[in-house]
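Our numbering numbers the first residue of the sequence shown as 921 and each following residue consecutively. Working notes, structure below.
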Amino acid sequence: MGFPDPDWDFGKKGFVRPQDIRRIYHVNTLNIKDLDLTIEDLTQKNIATKTGTTYTINMKDLNVQKILGRGEINNKINITVNKASKRAIEKIESAGGKVTLLVAAE
């Protein structure tokens, strides 16, 4: 078996999309369980702030574009982020926090 046209030059393994084009579609994500576990450390590093019992964080400071809803959240966290899954928003708001989206919901 072979290619229908002998002039095709794809190599033995086929075509591979260049790395710089693949990176266009990459979105840095973070699960809420990971955020909940590291929020104290982020506060100590001055990436997040704490007012009373509520934490506030801008996810741009962590280079995170989207929050995902895996895990549980126990702290009140006000988050500013480009995108968030519906499940993540529900869990954060049920814990007493708030999500501010920088990009309109799709």
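We put the CB at the ideal spot given by N, CA and C, even for glycine.
Pick helix, strand or coil for Ile1012, following the three-state DSSP scheme. Three-state result, Ile1012: helix.
Are the C-beta atoms of Asn983 and some chain B residue less than 9 Å apart? Note that chain B does not occur in the displayed structure, where there is just one protein chain.
Where does Asp956 land, buried or exposed, given buried means 16+ other C-beta within 10 angstroms? buried
Identify, in the order they occur along the chain, each residue of the same chain with its Cβ nearer than 6 Å to the Cβ of Ile997, setting aside the five sequence neighbours on each side. Beyond the five residues adjoining it in sequence on each side, Ile997 comes within less than 6 Å, by CB distance, of Tyr975 and Gly1017 in the same chain, given in chain order.
Do Arg990 and Ile959 have their CB atoms nearer than 9 Å? no
Name the residue from Glu1013, Gln939, Ala1008 and Leu950 whose alpha carbon lies nearest to the alpha carbon of Lys980. Leu950
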